Amino acid sequence: MLTRLQFTVNDSVVSLECEPGETLLTVLRQRLGLKGTRAGCKSGECGSCTVLMNGKTVNSCMVLALEAHGAEIWTIEGMNRDPLFQRLQAAFMQHGAVQCGYCTSGMLISARQLLREKPSPTREETRTALSGNLCRCTGYKKIIDAVETVAGNLTRVPLQDGPNIGTSFPRADAVEYVSGAAVYVDDIERPGMVYGRVLRSAHAHARILNIDTSAAEEAEGVLAVVTGADVPEGYFGVDLKDQLVMARDKVRYRGDAVALVAARTVSQAEHALQLIKVDYEILPAVFTAEDAMKPDAPIIHEKLQDYEIGFKTERYGNVCTVAEVDYGDTEKGFRESDFVLEEEYSTASHHQVSLEPHGAIAEVDCYGKVTVWSSTQKPFAMRRYLSHGLKMPISSIRVIAERVGGGFGGKLELNVEPYAVLLAQKCGRPVKIIYSRAEEFVSTGGRHSTSYTIKTGVKKDGTIQARRITFKYDTGAFSGNGPTTTTLVCQVSTGLYRVPNMHIDGYCVYTNKNNFGSFRGPSAPQTTFVIESHTDNLARALNLDPLEFRMRNLLQAGERTGLGQLLENIDYRQTLQAVAERAGWSELKKETAGLQHEGVGMGIVFWLSGGWAASADVRINEDGTVFVYTGATEMGTGYLYTTIPQIAAEELGLRPNQIEVVRGDTSTASYDHGIGGSRGAYTVGMAVQIAARKAKEKLLAAAARKLNVDPRDLEAIEGLVRHREHPVLQLTFGQISMDEHMLYGGPIVGHAEILPQLKEIDQSRVKGLSFTAFPGNTIACHITRVKVDEESGSLQIKKYVAGHDVGRAVNPMAIEGQIEGGVAMGLGFALMEEMQFDASGRIVNANLSDYKLPTSMDVPEIEPVIIEHPEKERLHGIKGLGEPTMAPVAAAVANAIYDAEGIRIRSTPMTREKLFHALQQDSKVTNSNKNAGI
Amino acid sequence: MKMVKAYHRNPTLEDAYTAYSKAESPVRYLAGGTDLLIHLSSPQQELSTVVSLSAIEELRGISLMDQEVRIGAMTSVGEIASSSLLHSYFSALPQAAHELGSPPIRNRATIGGNICNASPSGDLLSPLLAADSTVVLWRPGGTRRLPLAEFLLGPGKTALEKGEILTEVRIPSHEGAVSRFRKIGKKNAVEISIVNACLTFKTEAGRISDVRIALGAVGPVPLRAVGAEALLRNSVPGRETIAAAADKAALEAQPISDVRGSAGYRREMVRNLIRGMLADALFPNSGADGGE
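Chains as they are written, first to last, in my numbering: chain W, 1 to 934; chain U, 1001 to 1292.
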């Protein structure tokens, strides 16, 4: 039943026929093409779709379009003309308040409305006004700073004029986000495009007996139905090829893809899914690594031994990787210790929750070639996985990575893409699939839940003698990035402290849950929580200051880690000392010593980054401007539009605004491994720097020919090529390049391909690792002061200092943005975020009202500290940063809680309820001890 | 696309009622939609007819009349949060409104919707219950008034009869009374309450009178802690009375364990919230525990 809707949108009267169930969001986006309003959760929780309706902010997903009849609506496209809005846009760009950009439209509208109603809000009022707009990237600080600047409360702005390296240039592409122009996958329309949906398993573990799709095929608007039987039996995987694109004979978790439907509308596709009848034979299921390792546990992968694998490991039962580290004599070490402490810890699974859901569009051309538009961090790998999973030649697939509205590791692996391809192949039309928020939780990963046993022996003076760690990682129904994560645990566990005798047993275990995988520093938040909590306990048992205990045991530059990796370009003690001084560790200790319920804590992490192949092409255009071509993606951190132009500019004697980055795809750009592992600025930066250097050499050679001088006497500076001794001999880049193009054919291009070598480790000490060690090592130290509310168990973070060795700070503002965002995410992991499963393996909080994300009112003021120990082997000196930023948070907070209350929380998240119960237990123990006269 | 097969929006109660009556089941009245649209999102839902109340002007506004405050059912939560009349009249209600959802949600959500949704954790319900509010229900040929306590029957269940419309809420005068609202969630903002509580009372010559305590998210409907109220009534409160009343309220709560929190934690939070609110209200200048 169509009904007429007439309203004013951005000052124009609009009249259209509308379905009664359409929301304002879909009318704005799909009918009016106003794509700057983003769809994040479609349930009023995230604020990405905020617009103005009759002068008030509303979630346009929560307004039936017909309710807007007669209303006045403003979207970001129309707000672009508002002077107050323009000042906010400028401030957002200047302050680096934009990362992935998905929240930006809604955030700006809420900010503008606040300032309209209250021109000089307090910082607290700004926090409140923005609390309905979730941001997963920035930690809110730079957003609030930007609003405060426009409000006139803040006059200090980042210095944005200075040398190419070390200046906080705003992002070159920020204008796309603050104007709503940025294009994400869901914003792309293709001619004749239809919509796909996925039928997911209703059981955690079951055999598929029969799938009857006949009713669905007949349903209105349906163009294609696909089941596992239609799909070639192509196994894919990162390290262990154990996954089929769709469930075939059995389902392994509640969410496994059982059937796909393409229809003219999303609703028709969803309706058709309801008509598919699947007969299951239900099998016993397991939901924890411990249960899955029991001898009588149901087997999730019967063909485990047959799967192709890229490294050597034991595998048996439901265990898909066994990692082992062994050196020294652990038992002897324990015997020779004065004090031995053994503890158990666990961490809950935690989801990336990118505000932009996973999505893809697939289109098949008349040659049978497939083009996939995807929100992916890793287009070349995506092409490879699609080739394996669908048994298609790599050359027949083109993957175009679009803007990533938040990735955090969740968009590294194959997920929605093959479904779009299969449906497009079957119905012959372009197919778009965008996941719902529930589907995001049910089928797109998350961080592994874990359990650890850790035992350490120490001497009275605090010297660590021996350590034994056993850990179990629940990888879900497929291995995914589990083996890599297992390997990383071993590296992170052995990287910080001098432990002469060490033994680690690690298990990566299948369960009947969704496949957990990569998430910002896989393994690091969990391992750091465990080791750094344990470290504090050791220090306290020996009555040593936690800082002093760490100082005594930290490895020195030039020493080797437990795995045998040489530590270079790093100074743990100096970094730790510098951060402790900046935070005022000793003063904080003194101040809180006399305060009830207040305490301070620290956590440190060793992390490795970079690695894997990158390439770049740098072209000098006819007018002397420069394009950088890359197949690397921009996953939301902004490195591609800050650090990369800065590096290229420095190498070429230009300014960053003279460099333009052109993102290519798998058919037009040269290879990049994919953005993850904190390798963006580090590895892609290396490739760009070398390519720029090569382009410059060609430019100088061409200039030397024209000037009839030796190219070695020339230099490139400020857009000119100049003779070092006779500066009158000079040509502009444009003069040289135009002539080269006209007389010899262009372009002037430098190409580079690099592969930062993995570091060597002592192979005699390890078994079952999937790789040795990434090249770039770094350390971070976080220090926090907390106040515990014993009445509710809630925690107030009164101070948070996060120090990171970044190698070289090419763009300090971008670095602060990573640190602030990482700490906010770490606080989510530490205090509130948890995927909760019921006894049947169903996620019971697959929405943003019960899966808790920190809001602008939950994240404290974070103080980043930038430490620079440049990587000498790398021209630019950068170390990877994105991942380690969230790793030490839970440990620092747990240690501060211990300092405040004497209570050790050994599992995440440390919710208010958990902390409250621990306090209760403690007071009972204390009281009974008192009664007993202890 | 929401599961809606037909949409009606009428300028009068009579027209809305007619549209509702003529529609095939299921049919729903639409207020702000912040709960209803979530409900209508699931493709497993049957298609509903929706009758919007947003064009009925008489359902909006906050006014003082006949010793009572009248709040139209379609008044937004945001308007309640910023109402100076309500702040001086019964401040716990605007306080609760300010903590409900997020700013854009508060701009859409309505008091009538919050009541008719009858969620055990609905943030406006405990203040309205503590304020001894009544709701006015309309149907052609008659209106009736019900105390809120008799209107709320269970999770999602109310005393509304078919087609009946909740048109307004009436709050009796609380002159001289203090009122407090607090809630506990897992985070600081945009939270569904694990527990919420509202307290109101007067003091006459040092003695407590007119005391009412309402608790949310600890029972199938928000409930009154009548036992705790009895302990406080006519007392000259001190530390011990406060503790006893808080303990009593905790016993009166009927919490369950769910994804948001355990029954045990809820019960303890009732105790601590009530103790804290009483102490703050009675002894604003002493520590959290208040008392002698």
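Even glycine gets a Cβ: it sits at the ideal position worked out from N, Cα and C.
Predicted model only: the values in this text are computed from it and were never measured.
* If W/Ala894 and W/Gly599 are in contact, beta carbons under 8 Å, what's the gap, nearest whole angstrom? -> Your pair W/Ala894 and W/Gly599 does not check out as a contact, with CB atoms roughly 10 Å apart and the cut at 8 Å.
* **Assigned secondary structure, W/Pro864 (DSSP; H/G/I helix, E/B strand, else coil)** => Three-state DSSP puts W/Pro864 in a strand.
* With 8 Å set as the bound, which would you pick, yes or no: does the beta-carbon of U/Asn1188 sit closer than that to a beta-carbon of chain W? -> With 8 Å as the cut-off, U/Asn1188 counts as an interface residue toward chain W.
* **Cut-off 6 Å between Cβ atoms - residues of its own chain near W/Gly457, not counting five sequence neighbours on either side** => Counting only Cβ-Cβ distances below 6 Å, and skipping sequence neighbours, we find Gly333, Phe334, Ser337, Val340, Gln465, Ala466.
* Asked: Excluding the five sequence neighbours on either side, which residues of its own chain have a C-beta within less than 6 Å of the C-beta of W/Leu731, listed in chain order?
  -> So the list reads Ala703, Val721, once near-sequence residues are dropped.
* To do: Report yes or no: is there a C-beta of chain W within less than 8 Å of the C-beta of U/Val1259?
  => It does: the Cβ of U/Val1259 has a partner Cβ on chain W nearer than 8 Å.
* Between the beta-carbon of W/Gly750 and the beta-carbon of W/Ala701, is there less than 8 Å? -> The answer is no: Cβ separation not under 8 Å.
* Inter-residue Cα distance where the pair is U/Ala1096 and U/Ala1016 -> Whole-angstrom Cα-Cα distance: 30 Å.
* Asked: Rounded to a whole number of angstroms, what is the C-alpha to C-alpha distance between W/Ser43 and W/Ile570?
  -> Looking at the backbone, the Cα of W/Ser43 and that of W/Ile570 are separated by about 47 Å.
* Closer than 8 Å, CB to CB, is W/Ser792 near chain U or not? -> So, interface residue.
* To do: With DSSP as the reference, label W/Lys241 as helix, strand or coil.
  => Three-state DSSP puts W/Lys241 in coil, outside helix and strand.
* Asked: How many angstroms separate the CA atom of W/Val150 from the CA atom of U/Ser1063?
  -> Rounded to the nearest whole angstrom, the C-alpha separation of W/Val150 and U/Ser1063 is 37 Å.
* To do: Verify the CB distance criterion: does U/Met1277 have a CB-CB separation below 8 Å to chain W?
  => The Cβ of U/Met1277 sits no closer than 8 Å to any Cβ of chain W.
* Report the three-state DSSP secondary structure of W/Gly389 (helix, strand or coil). => Helix, per DSSP.
* Through-space distance from W/Thr643 to W/Ile754, alpha-carbon basis -> Distance from the CA atom of W/Ile754 to the CA atom of W/Thr643, rounded to whole angstroms, is 18 Å.
* **Pairwise C-alpha distance: W/Gln565 and W/Ile659** => When the Cα atoms are used, W/Ile659 and W/Gln565 turn out to be separated by approximately 37 Å.
* Which residue spans inside the stretch 475-561 of chain W form an unbroken alpha helix (DSSP H) run of at least 4? -> Qualifying alpha helix (DSSP H) stretches, in chain order: 482-494, 524-541, 546-553.
* Asked: Can you check whether the CB of W/Met193 is closer than 8 Å to the CB of W/Arg29?
  -> Not closer than 8 Å, so no.
* Asked: So, is W/Gln274 buried or exposed, given that buried needs 16 or more other C-beta atoms within 10 angstroms?
  -> Here W/Gln274 is exposed: its Cβ has fewer than 16 other Cβ atoms, across all protein chains shown, within 10 Å.
* Asked: Rounded C-beta distance between W/Ala632 and W/Ala692? I'm assuming under 8 Å.
  -> At roughly 15 Å, the Cβ-Cβ gap does not stay under 8 Å, so W/Ala632 and W/Ala692 are not in contact.
* To do: At 8 Å on the CB atoms, spell out the chain U contacts of W/Thr57, in chain order.
  => In chain order, Pro1103, Pro1104, Asn1107 make up the part of chain U whose C-beta sits under 8 Å from the C-beta of W/Thr57.
* Could you name the residues that DSSP lists as bridge partners for U/Phe1201? => According to DSSP, U/Phe1201 bridges with U/Val1178.
* Does the beta carbon of W/Leu28 sit closer than 8 Å to a beta carbon anywhere in chain U? -> Not an interface residue.
* Opening and closing residue of the beta strand (DSSP E) in which U/Glu1168 lies -> For U/Glu1168, the enclosing beta strand (DSSP E) starts and ends at 1165-1172.
* To do: Mind checking which residues open and close the alpha helix (DSSP H) that includes U/Lys1002?
  => From DSSP, U/Lys1002 is part of no alpha helix (DSSP H); its letter is neither H nor E.
* Asked: Listing by chain order, which chain U residues have their CB less than 8 Å from the CB of W/His69?
  -> Near W/His69 (Cβ distances below 8 Å), the residues of chain U are Arg1009.
* To do: Report the neighbours of W/Gln836 on chain U: residues whose CB is nearer than 9 Å to its CB, in chain order.
  => Within chain U, the residues near W/Gln836 are Val1259.
* Asked: Skipping 5 residues on each side, what residues in its chain have a beta carbon closer than 6 Å to that of W/Met246?
  -> So the list reads Gly228, Val231, Ala257, once near-sequence residues are dropped.
* Assigned exposure category for W/Gln243 - 16 Cβ within 10 Å defines buried -> Here W/Gln243 is buried. Its C-beta has 16 or more other C-beta atoms within 10 Å.
* CA-to-CA distance, W/Pro870 to W/Glu651, given in whole angstroms -> Spanning the two alpha carbons is a distance of roughly 17 Å.
* To do: Output, in sequence order along the chain, the residues in the stretch 842-865 of chain W whose CB is closer than 7 Å to any CB in chain U.
  => Within the stretch 842-865 of chain W, the residues whose Cβ lies closer than 7 Å to some Cβ of chain U are Val844, Asn845, Ser849, Asp850, Lys852, Pro854, Thr855, Met857, Asp858, listed in chain order.
* Using 10 angstroms around the beta-carbon of W/Ser586, count the other beta-carbons present and answer buried if the total reaches 16, otherwise exposed. => Residue environment: W/Ser586 is assigned as exposed (fewer than 16 neighbouring CB atoms within 10 Å of its CB, all protein chains considered).
* C-alpha gap between W/Asn657 and W/Leu831, whole angstroms -> Roughly 41 Å between the two C-alpha positions.
* Which residues in the same chain as W/Tyr641 place their Cβ atom closer than 8 Å to its Cβ, once the five residues preceding and following it in sequence are excluded? -> So the list reads Arg171, Ala172, Asp173, Ala174, Glu634, Val661, once near-sequence residues are dropped.
* Proximity winner among W/Leu915, W/Thr128, W/Ser615, relative to U/Ala1189 (alpha-carbon distances) -> Taking only the C-alpha atoms, the option nearest U/Ala1189 is W/Thr128.
* Asked: So does the stretch 770-786 of chain W actually touch the stretch 711-729 of chain W, counting three or more Cβ pairs closer than 8 Å?
  -> With a cut-off of 8 Å, the stretch 711-729 of chain W and the stretch 770-786 of chain W do not count as touching, because too few Cβ pairs lie within range.
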